[in-house]
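*Asks:* Okay, so the sequence shown: first residue is 927 according to the numbering used here, each after it adds one.
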Amino acid sequence: MTVKFITATTLMVASISAAAAQDVEKGEHSFNKCLPCHAIGPDAENKIGPELNGLDGRHAGTAPNYNYSDANKNSGITWNAETFKEYIKNPMARVPGTKMAFAGIKNDEEINDLWAYIRQFDANGNKK
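1) Between R984 and T1004, what straight-line distance do the alpha-carbon atoms span, to the nearest angstrom?
2) Please report the residue range of the alpha helix (DSSP H) in which R1045 lies.
3) From which residue to which residue does the alpha helix (DSSP H) around E1012 run?
4) Is any heavy atom in the ligand SAH found nearer than 6 Å to the beta carbon of N1000?
5) What would DSSP say about K1025, mapped onto helix, strand or coil?
6) Jot down the residue ranges of each uninterrupted alpha helix (DSSP H) in the stretch 938-1005, minimum 4 residues, whole runs only, in chain order.
7) By Cβ distance below 8 Å, which residues in the same chain neighbour G967 in space, the five residues on each side in sequence not counted?
8) So, Y1013 versus F957, is the Cβ gap smaller than 7 Å?
9) In angstroms with no decimal places, state the Cα-to-Cα distance between N998 and G987.
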């Protein structure tokens, strides 16, 4: 009984620490690297790349009115923390043939912050 309580408590504290480690404000600043090609928020529209509203849980290649590469449409990716973090480190390696010519972001903390910023927007561009 005590071991189960300690384990559950430890897991809960670890989850809270991981969430606290993500900094939405820093993520918003990192999103400046994305802005030349992507938009997010209430008035977001497709640019060189698709708008990123509602990315968490969205299937790759499905943003309305965006002309994706076949590689992206057929990647089988459903965006979540894990898939985003893997992809953003090196998009061209993760999806060979993607149109996203971006060197990637290598810093795990920056990636976590960026995902925290992006995932807060629902499909309409409103913050959840």
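Where is the CB? At the ideal position from N, CA and C, for every residue including glycine.
*Replies:* Judging by the given coordinates:
1) 6 Å
2) Going by DSSP, R1045 is part of the alpha helix (DSSP H) stretching over D1034 to R1045.
3) A1007 to K1015
4) The ligand SAH is absent from the structure shown, which contains no ligand whatsoever.
5) coil
6) 950-956 and 996-999
7) N979, F1047 and G1051
8) no
9) 6 Å
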